[in-house]
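All remarks here apply to the structure that follows.
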Amino acid sequence: MNAEQVWTPDSWRGFAAVQQPSYPDADALEAALEELRRLPPLVTSWEVNALKAQLAEAQAGRRFVLQGGDCAESFADCESGLIANRLKVLLQMSLVLVHGLKTRVTRIGRFAGQYAKPRSTDTETRDGVTLPSYRGDLVNAPEFTPAARLPDPRRLLQAHARSAMTINFVRGLIDGGFADLHHPEYWNLDWVQHSPLADEYRQRVESIGASLRFMETLAGQTISDFSRVDFYTSHEALLLCAEAAQTRRVPRQSGWFNLSTHFPWIGMRTAAVDGGHVEYCRGIRNPLGVKIGPSMDVDWVLALCRILNPDNEPGRLTLIHRMGANTVARALPPLIDAVRAAGHAVLWVCDPMHGNTQTAGNGLKTRAFEDILREVEQSFEIHAASGSHLGGVHLELTGEDVTECLGGARDLTESDLKRAYRSTVDPRLNYEQALELALKIARYEKSVT
Ligand code: PEP
Ligand code: CO
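Take the sequence shown: its letters are residues 3 to 451, numbered as in my numbering.
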C-alpha cells in the first residue's frame, strides 16, 4: 500500500518507526547527521550490485550464503586481533562448506556497522533506578549510569569511523592474500592443533589443496582466482536516521544505495509492513534481508515480499527465518508454500540463533549448540521436502574462545559459561562451535544442487 507513495531517503519519518532512541539535543543530532552525509561511503554500488548477483545465484541453488559475526560489535572490539580471528573462522567455515556442499560460497560478515541493537523495552530498571536501555554502541554505552545511557549523536561518527577501519583492515587482509586458498595455514587458529575436529578440518583442507594442485597442473599455471575471495558486509538497518544519512545516489546508476553496507537487513521487531523500517528499505537498491519469526503469518510475509520486491528482482530479497528448533517444523512450511504459490522469488536463509535463546540457571543468556544444529538440519529438510532449498545460514559467532553457547564438541555446560562470557548482548558460537557447525552443514551436499 505504501508502495504507491513517493519514496525519499527520509520518507520513513512519516511512518511509525519503533526502536529509535530519543536524542536529548536535536541540533547536535542534526549536526552529526550532516557530517555523516558528507563523509565518504563505506562500500560502492558496484560491490552492492555484485553481491545482489551472487544472492540471485544462491536463490537459483548455485551458491550457499554464510553470513556471520557478532550479535553486536562494540567500539572496544574494533581491534586487529579480534577482526582477523573472526575473518579466519569465517574463511575456515566457508572452505569447509565449499568442499562439503560442492558449491560456491558467498561470505557476508555481520560486521563493519553492526553497532545497533533492538531492545525489548525502552528503559531498564535496577534497584529502583530507571535509565534508557542500552541500544548498542551506535547510540549509547552499556554501563548503568545516566551519562552512559544518554543517546549521544557523536557515536554516529565514531561508528562510521570504526566501520571504515574494520572494512579497511578486512579488505587489506583479503587483497594481501590472507584468503589465498593456496595458504589456508594463514587462517589457522591455535586450536586447530588440539581440537577434536582438527582431523576432519585438516582432511578437507588437504583435499582442496590436492584438487587445486591438480587443476593448476592441468592449466599449466597458477589459478589466480583462488588467491582471493569476496567478503561482503551486513548489519541490521535499525537506526533509520543514520541509514538515511548514508543513502546516496551514484553516477550512472538509477536509484538510491545505502552505502554504509552491502546487505542491510530488517530485524524481526521492526518488520511491520506499515512501519518506518520497511518504508526506508523498500526504496534502496541494495539486496535486503528480513528476519522472519514464528509470530509472522503468511499474509505478513507476502506483504513484505510485495513491498520490498515488487518487481521480483532476483537476489533482491532474502528471507532469514529464525523460528527456533521446536517451532520451525510447524511454522516454516506454510510460509514456503505461500511465497512460492504467490510467485515471489526469494532466497531462504536460516538464522538458527535467535529462536533458540534461553536463560541458564545462573541467569546468563545462552543457546544450546544442539538446538542450533537441530534448527539448521530441520530447515534443510523442510525446504527440500517443500520443493524449495535452503540457500544459507546466518550465525552469531566469534573467532575467540568464548563460553557463551552450551554444548559442542567440548560439551560446554552451564558452569563453563562464566569462564569466558564476553557478549554484552546475545551469546555467540565460539570458533570451535562455529567450525563444528560448518562441518555438520557440509554434510548436506545432497540438498544443494
Ligand atoms: C539479531 O540478529 O541480532 C536480532 C536481534 O535478530 P532478530 O531481529 O531476528 O530477533
Ligand atoms: Co543477536
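We put the beta carbon where it would ideally sit given N, CA and C, even for glycine. Keep in mind that this is a model prediction, so the values were computed, not measured.
For residue i, the residue or residues it bridges with in DSSP
i: Glu126; result: Leu133
i: Thr361; result: Lys367
i: Gln69; result: Ile110, His396
i: Phe265; result: Ser236
i: Cys352; result: His323, Val395
i: Phe259; result: Arg250
i: Val292; result: Ile268, Leu321
i: Gly211; result: In DSSP, Gly211 forms no bridge with anything.
i: Gly277; result: Ala18
i: Ile176; result: Note: Ile176 sits in no beta bridge, so no partner.
i: Leu241; result: In DSSP, Leu241 forms no bridge with anything.
i: Gly409; result: Leu414
i: Leu419; result: Leu419 is not bridged to any residue.
i: Leu439; result: Per DSSP, none; premise fails for Leu439.
i: Ile286; result: Trp258
i: Leu44; result: Answer is none; Leu44 lacks a bridge partner.
i: Leu431; result: Leu399
Cβ neighbour criterion (16 or more within 10 Å) applied to residue i
i: Val131; result: exposed
i: Met217; result: exposed
i: Val98; result: buried
i: Arg39; result: exposed
i: Val8; result: exposed
i: Ile443; result: buried
i: Gly363; result: exposed
i: Val450; result: Note that Val450 scores 47 on pLDDT, short of 50, meaning its location in the model is unreliable; the coordinates nonetheless yield the value given after this. Under this definition Val450 is a buried residue.
i: Arg430; result: buried
i: His185; result: exposed
i: Ala112; result: Sequence check: residue 112 is Arg here, not Ala. The residue is buried, with at least 16 neighbouring Cβ atoms inside 10 Å.
i: Met3; result: In this predicted model, Met3 has a pLDDT of only 46, less than 50, meaning its place in the structure is not dependable; the value taken from the coordinates is given anyway. Exposed is the call here.
i: Glu208; result: exposed
i: Lys90; result: buried
i: Glu238; result: buried
Any chain B beta carbon closer than 9 Å to residue i
i: His396; result: Here chain B cannot be found, since the structure has a single protein chain.
Closer than 8 Å: residue i CB and nearest ligand 1 heavy atom
i: Lys54; result: no
i: His1; result: In the structure as shown, the chain begins at 3 and stops at 451. Residue 1 is therefore absent and cannot be evaluated.
i: Met325; result: no
i: Ile374; result: no
i: Arg137; result: no
i: Lys119; result: yes
i: Arg271; result: yes
i: Leu355; result: Sequence check: residue 355 is Met here, not Leu. The answer is yes for Met355.
i: Gly295; result: yes
i: Ile322; result: yes
i: Glu238; result: yes
i: Glu75; result: no
i: Glu398; result: yes
Residue i versus the options, residue with shortest Cα-Cα distance
i: Ser47; options: Thr125, His356, Gln248; result: Gln248
i: Ile176; options: Thr361, Lys54, Trp189; result: Trp189
i: Leu375; options: Leu140, Ala387, Asn328; result: Asn328
i: Gly277; options: Gln255, Leu306, Val300, Val67; result: Leu306
i: Glu75; options: Ser417, Ala436, Gly401, Arg445; result: Gly401
i: Arg151; options: Asp124, Arg173, Ala163, Gly174; result: Asp124
i: Thr368; options: Val348, Arg342, Gly409, Gly394; result: Gly409
i: Asp299; options: Gly365, Asp339, Ser417, Phe66; result: Asp339
i: Val330; options: Ala60, Gly295, Ala118, Asp154; result: Gly295
i: Leu397; options: Arg64, Asp353, Phe265; result: Asp353
i: Val100; options: Met325, Ser213, Arg173; result: Ser213
i: Arg287; options: Ala387, Ala221, Val252, Met270; result: Val252
i: Gly317; options: Thr359, His264, Asn358; result: His264
i: Tyr234; options: Ala55, Gly63, Gly16; result: Ala55
i: Thr10; options: Glu281, Gln380, Val351; result: Glu281
i: Tyr423; options: Ala411, Tyr433, Val404; result: Val404
i: Thr147; options: Arg156, Gln205, Gln160, Leu133; result: Leu133
i: Ala344; options: Phe371, Asn314, Ala370; result: Asn314
i: Asp413; options: Val395, Ala370, His391; result: Ala370
i: Arg106; options: Met95, Cys243, Ser262, Gln116; result: Met95
i: Leu103; options: Gln69, Leu158, Ser388, Gly393; result: Gly393
Can you pull every residue whose C-beta falls closer than 5 Å to some heavy atom of ligand 2, listed in chain order?
Listed by chain position, these are Cys73, Asp428.
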